[in-house]
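First the structure, in the form of structure tokens, and then the observations on it.
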């Protein structure tokens, strides 16, 4: 499981968003939890869609994304957060 994000731009949104679990919005971006084996279709470059790899941004998601609490106990996201030094309890 990885955390992905995008920023809506000029009315463009990530098209398959309804298929994945939303972590909510924070800092102007929309965040999603997506399984590692999911095949993700190409997206418009304007939205900047991609995995969250910066520990500071992932920490912000953990602390402020409205729906992250649903995933706090998830082994997949706990492991993903641990890769960037974040311990989820």
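In our numbering, the protein residues as written are 178 to 266. Glycine included, every Cβ here is placed at the ideal spot set by N, Cα and C.
Along the chain, which unbroken stretches of the beta strand (DSSP E) at least 3 residues long are found entirely within the segment 198-259? Scanning the segment 198-259 for uninterrupted beta strand (DSSP E) segments of 3 residues or longer gives 198-203, 206-211, listed from N- to C-terminal end.
Alpha-carbon to alpha-carbon, residue 183 and residue 222: Roughly 10 Å separates the two Cα atoms.
Please list, in chain order, all residues of the same chain as residue 214 whose beta carbon is under 8 Å from its beta carbon, the five residues on each side excluded. Counting only Cβ-Cβ distances below 8 Å, and skipping sequence neighbours, we find nothing.
Nearest by alpha-carbon distance to residue 263: which of 212, 202, 237, 244 is it? Distances from the CA of residue 263 to each of 212, 202, 237, 244 were compared; the closest alpha carbon is that of 237.
Given residue 212, which residues of its chain have a CB within under 7 Å of its CB, disregarding the five upstream and five downstream residues? Here the set comprises 178.
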